[in-house]
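Note that the protein sequences, when read in sequence, are chains A and B.
Residue numbers 0 to 455, in numbering that gives the first Met the number 0, belong to the letters of the first sequence in order.
Residue numbers 0 to 180, in numbering that gives the first Met the number 0, belong to the letters of the second sequence in order.
The block underneath contains the structure these notes are about, expressed in C-alpha cells.
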Amino acid sequence: MKMERIGPPRDYNSLMNLEEGWVSRDVFFDPAIYEAEMRQIFARVWLFVAHESQVPKPGDFVTTYMGEDGVIVARQKDMSVNVFLNSCPHRGNKVCHADGGNARRFVCNYHGWAFDTAGKLMGMNEERCYDPGDIDKSEWGMKSVAKVATFKGLIFATFDPTAPSLEDYLGDYRWYLDCMLDSDDGGSELIGGTMKFVIPMNWKMAAENFIGDAYHAAWSHDSGAKAMTGGMAFPELDLHNTFHASANGHGHEFGMDGFGDIMLLGRPKVTEYFMQVLKPRIEARLGKLRSTIFGSIASATVFPNVSYLPGISTFRTWLPKGPDKTEVRTWTIVNRNMPDEIKDELTKGVMQTFGPSGTFEMDDGENWENSCSTNKGFVTRQGRLHYRCGISRKDDHPELPGIIYRGQFGDSNQRAFHRRWLDLMTAESWNDVPDRQGNRLKGRETRDLHNGLRSL
Amino acid sequence: MNQLAQKIAPLSAPAVDLVVEIQQVLYREARLLDAERYDEWVEMLAPDLHYFMPNMETRYRADKSNIIADLKRAAYFNDNREDMLKRLDRLKTGTAWSEDPATRFTHLIGNVEVELTETESEYRVYSAFLLCRGRNESDEDIQVGKRKDLWRRTPDGLKLVQRTIHLNQNTLLSKNLNAFL
Chain A
0 MKMERIGPPR
10 DYNSLMNLEE
20 GWVSRDVFFD
30 PAIYEAEMRQ
40 IFARVWLFVA
50 HESQVPKPGD
60 FVTTYMGEDG
70 VIVARQKDMS
80 VNVFLNSCPH
90 RGNKVCHADG
100 GNARRFVCNY
110 HGWAFDTAGK
120 LMGMNEERCY
130 DPGDIDKSEW
140 GMKSVAKVAT
150 FKGLIFATFD
160 PTAPSLEDYL
170 GDYRWYLDCM
180 LDSDDGGSEL
190 IGGTMKFVIP
200 MNWKMAAENF
210 IGDAYHAAWS
220 HDSGAKAMTG
230 GMAFPELDLH
240 NTFHASANGH
250 GHEFGMDGFG
260 DIMLLGRPKV
270 TEYFMQVLKP
280 RIEARLGKLR
290 STIFGSIASA
300 TVFPNVSYLP
310 GISTFRTWLP
320 KGPDKTEVRT
330 WTIVNRNMPD
340 EIKDELTKGV
350 MQTFGPSGTF
360 EMDDGENWEN
370 SCSTNKGFVT
380 RQGRLHYRCG
390 ISRKDDHPEL
400 PGIIYRGQFG
410 DSNQRAFHRR
420 WLDLMTAESW
430 NDVPDRQGNR
440 LKGRETRDLH
450 NGLRSL
Chain B
0 MNQLAQKIAP
10 LSAPAVDLVV
20 EIQQVLYREA
30 RLLDAERYDE
40 WVEMLAPDLH
50 YFMPNMETRY
60 RADKSNIIAD
70 LKRAAYFNDN
80 REDMLKRLDR
90 LKTGTAWSED
100 PATRFTHLIG
110 NVEVELTETE
120 SEYRVYSAFL
130 LCRGRNESDE
140 DIQVGKRKDL
150 WRRTPDGLKL
160 VQRTIHLNQN
170 TLLSKNLNAF
180 L
C-alpha cells in the first residue's frame, strides 16, 4: 500500500544547521514532526522501560510507555523480563490498569481473554464460541517488543528487530553511565514509587536541558540552590576544567569540582557518606577520573528520553504525550549497598529538590512549557533558536571518551542530541545511522577502563 | 480501604465549641496559605511536625501491599519542620522566578470531622480539600483530596503536629505542586 502524502516529503535537514549552530522552532512544535518521531525514533531505538529493582520476583510487573505505546514489563519464572503491548489483540482494550504489582496472569475486562505473564494467550471466557480453526492462540498473544536487554540494572526494549545491540546503542556512553550504575559492587536500585506529573511541553525540551544545559542552573535555580544550602549560590563558572561529553546522542555535562551537586541536596549525612565512603569506593572501582566526575555539578541524558543527575540521584524518563505534552516519571536512584539511613536521606533530598514540589523542579517546568508554547505563533515559529554557545571549544581529550567540548556552559551536547535526532529522522535503516564517536571502547567492560581512552 | 478513611471509634463525641474552634483554625490556615502568609502559617506548625503527602499509585484491589502508607517510598512531602522551612526559604530569595507573577490560590476546606484522642490536648481531625490555582495568562489547576491531621493545644494556640494528605490524582495533572495543603 502506498502512503498518501500531501505535498513533498519533509526535508528534516532544513530544520537545523548544527555547524552554524541553530535549530528551527518547528522541532518543538509541529504535530507532523512529532508523529514522524514516533515512527523514526520511538519505534526504532532502545527505550528505558524499568529498573530491575522494580520487578525483582517472578510475576512482578510495571506498566509504562514506549513512545505513546503502552507496555507491560513483567518478570518471568525463569527471571527473564518480557515487554509487550498493554492492549488486547481481540478488540484493542487496555488490559492492565495498574501501575504495578504482582500477577499470575493478565485478563482483559472486555471478553475475558487471559494472557500469561509473557503476554501469551492462555484462553478466554466461553472459549466454546470459537470453532476449531477460528483462532490459533499461539498467534494471538499481546504483541511483544522485538528485543529486551539490560545494562547494569536498567531494562531497555526496542520494537525494531534490526536495532543494534543495546551495548552498541549505548556505545562509549557506558563509561559515563558507570558513574551512577556501577559505582559499588551491589549495583543500583530505584526507591519504590514512581512520581508522575505532566508538563505542557515538547519532550525534547527537557531531554536537551539535561543533556547539556549547565548554563541555566545558576540563573534558573538560584532560589533552589540558596534554599537547600542555607544561602550559597552556585560556584563560579569554570570554562576550562569542565566538559560536555557525548556519544551517539547520549550526553553528560560535568564539572570536576567533585561535590557541587552533592551539596545541592542539603543533606549533611549524604555529603559525608558520598565524600568519606562512596568516593573512595568509586576511585578504587572506576578510577580517580570518574570519582571526581561523580558528585560534581552535572546532568545527563540517554537518548532519547532518559535523564538523570549523578550525585543528586534523581532519575527520570520523559514520556511523549503529544507535541505539546510530556509526562515526567521520576525516581530516586541509590546504590543497593547504601545504609538505609542514607537511602532515606537521599529520597528526601531528591523529593525536596527534584520532586514536583521541589525547590529546583518547579522553576524548570514553567520555563520548558513557555519555551514551547510561544511557537504556536505562526510568525514566532519561523525563527531559529541559538545553539552556538561554545561551538569552537572542541577538545581532543586524551582520556575522556566520546565527543568532548571544554566548558560545561555551552550547547555542544545539545547539538549532539539534535544531530542524533536528525540522523534518525532521515535514516531509512540502522545502516544509514552514522557512528557519532560512539564505539571506541567497543567490546570492553567500561568499569575497568580507569583512565578512559588512555586505558585502551 | 485507604488509610485516611479508616474509622477509629472516638473516645467520646467532641463538644460543639471544640469542633467550631478547630474548623475556624483550618479556615484561618487556608486563608494564610491563600495569601502566601507563610511566616504566620509556620507559627501554626508544631516543632515535632510530620507533614506527609505520599505519591499515589494505582493498584488492583487484591494488592495488599499498602504502599501508600510506606514512609520509605517516594512522596511529594515527607517533611519535618526544618525541611518545610527550607522550602519556604526559596520563596524569600527573590529569585524564585516561577513564583513571580504570583499564583492565585484558593484552598477550600470541608468535611471537617473532629475526634478526641487518648491524649487530652490532641485532636484527630479529618478534612477534604479543593485546591484551585490560577497563574499567568490562563493556567488553571485543580486538585482534590483528603487530609488526616493531629492538632495539639498549646499555650500559643492549636498547633499542627501531623498531617497526611492523599491526592485523588494518580498522575499529578499539573506541571508542579507549588502549594501546601
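Just so it is clear, CB atoms sit at the ideal spot from N, CA and C, and this is done for glycine as well.
Given the structure is predicted, the values throughout are model-derived calculations rather than measurements.
Beta strand (DSSP E) segment containing residue i, residue limits
i	result
MET52(B)	44–53
VAL147(B)	The amino acid occupying residue 147(B) in the given sequence is Lys; Val does not appear at that position. Per DSSP, LYS147(B) belongs to the beta strand (DSSP E) from 138–153.
LYS146(A)	146–150
LEU155(A)	Checking the displayed sequence, the identity of residue 155(A) turns out to be Phe instead of Leu. From DSSP, the beta strand (DSSP E) with PHE155(A) extends over 153–157.
TYR75(B)	74–78
VAL18(B)	Looking at the DSSP string, VAL18(B) is not in any beta strand (DSSP E); the run it does join, the alpha helix (DSSP H), is 15–33.
8 Å Cβ cut-off: residues of chain A touching residue i
i	result
LYS63(B)	By Cβ distance, chain A contributes nothing, its closest Cβ being about 10 Å from LYS63(B), past 8 Å.
THR163(B)	Residues of chain A passing the Cβ test: none, with the nearest at roughly 15 Å.
ASP82(B)	LYS347 and GLN351
THR181(B)	With chain B covering only 0 through 180, there is no way to say anything about residue 181(B).
Contact with chain B by residue i, beta-carbon distance below 8 Å
i	result
SER306(A)	no
PHE28(A)	no
TRP330(A)	yes
MET0(A)	Any answer about MET0(A) is weak, because its pLDDT of 43 lies below 50 and its placement is not dependable; what the coordinates show is given next. Closer than 8 Å: no.
MET194(A)	yes
VAL22(A)	no
ASP159(A)	no
Beta-carbon neighbours of residue i, restricted to chain B and to distances below 7 Å
i	result
ILE190(A)	ARG72 and ALA73
PRO355(A)	TYR75, LEU171, ASN175 and LEU176
ASP343(A)	LYS71
GLU326(A)	THR170
Check: residue i C-beta below 7 Å from any heavy atom of the ligand MG
i	result
LEU165(A)	As for the ligand MG, it is missing from this structure, which has no ligand bound.
Under 9 Å by beta carbon: chain A residues contacting residue i
i	result
TRP96(B)	TRP218, SER219, ASP221, SER222, ASP362, GLU365 and ASN366
Below-8 Å beta-carbon distance, residue i vs any chain A residue
i	result
SER173(B)	yes
LYS145(B)	no
ARG86(B)	yes
ASN110(B)	no
ALA12(B)	no
MET0(B)	With a pLDDT of 43 at MET0(B), under the threshold of 50, the predicted position of this residue should be treated as unreliable, though the coordinate-derived value follows. Cβ-Cβ to chain A under 8 Å: no for MET0(B).
ASP102(B)	Sequence inspection shows Thr at residue 102(B); the Asp mentioned does not correspond to that position. Taking Cβ atoms only, chain A never reaches closer than 8 Å to THR102(B), which makes this a no.
GLU35(B)	no
GLU56(B)	yes
Residue i: contacting residues in chain A (beta-carbon distance under 7 Å)
i	result
TYR59(B)	ALA97 and GLY100
ARG89(B)	SER222, GLY223, ALA226 and THR358
ASN167(B)	Under the 7 Å cutoff, chain A gives no residues; its nearest Cβ is about 14 Å from ASN167(B).
Span of the alpha helix (DSSP H), counted from its first residue to its last, around residue i
i	result
PRO267(A)	267–272
GLN161(B)	Note, GLN161(B): premise wrong, no alpha helix (DSSP H); beta strand (DSSP E) at 156–166.
ARG284(A)	278–285
TYR307(A)	Here TYR307(A) belongs to no alpha helix (DSSP H); instead the beta strand (DSSP E) covers 305–307.
THR161(A)	From DSSP, THR161(A) is part of no alpha helix (DSSP H); its letter is neither H nor E.
ASP456(A)	Since the first residue shown for chain A is 0 and the last is 455, residue 456(A) is missing from the structure and cannot be characterised.
GLU39(B)	37–41
GLY211(A)	202–211
Amino acids of chain B, ordered along the chain, whose beta-carbon sits closer than 8 Å to that of residue i
i	result
GLY265(A)	LYS85
VAL197(A)	THR170, LEU171, LEU172, SER173 and LYS174
Checklist entry - Name the residues in the stretch 65–76 of chain B whose C-beta lies less than 8 Å from a C-beta of chain A; which are they? => result Taking 8 Å as the Cβ-Cβ cut-off against chain A, the residues of the stretch 65–76 of chain B that qualify are ILE66, ASP69, LYS71, ARG72, ALA73, ALA74, TYR75 and PHE76.
Checklist entry - Is there contact between the stretch 41–54 of chain B and the stretch 91–104 of chain A, where contact requires at least three CB pairs shorter than 8 Å? => result At 8 Å Cβ cutoff, the stretches do not touch.
Checklist entry - Taking contact to mean at least 3 C-beta pairs separated by less than 8 Å, is the stretch 259–274 of chain A in contact with the stretch 296–312 of chain A? => result A contact exists between the stretch 259–274 of chain A and the stretch 296–312 of chain A.
Checklist entry - Is it true that the stretch 287–295 of chain A meets the stretch 323–334 of chain A, where meeting means three or more beta-carbon pairs spaced less than 8 Å apart? => result The stretch 287–295 of chain A makes no contact with the stretch 323–334 of chain A: fewer than 3 CB pairs, one atom from each, lie closer than 8 Å.
Checklist entry - Touching or not, the stretch 180–189 of chain A and the stretch 65–84 of chain A, by the rule of three or more beta carbon pairs under 8 Å? => result Contact between the stretch 180–189 of chain A and the stretch 65–84 of chain A is absent: fewer than 3 CB-CB pairs across the two stretches fall below 8 Å.
Checklist entry - On the three-pair Cβ rule with 8 Å, is the stretch 114–122 of chain B touching the stretch 65–84 of chain B? => result Note that the stretch 114–122 of chain B does not touch the stretch 65–84 of chain B; fewer than 3 beta-carbon pairs, one per stretch, sit closer than 8 Å.
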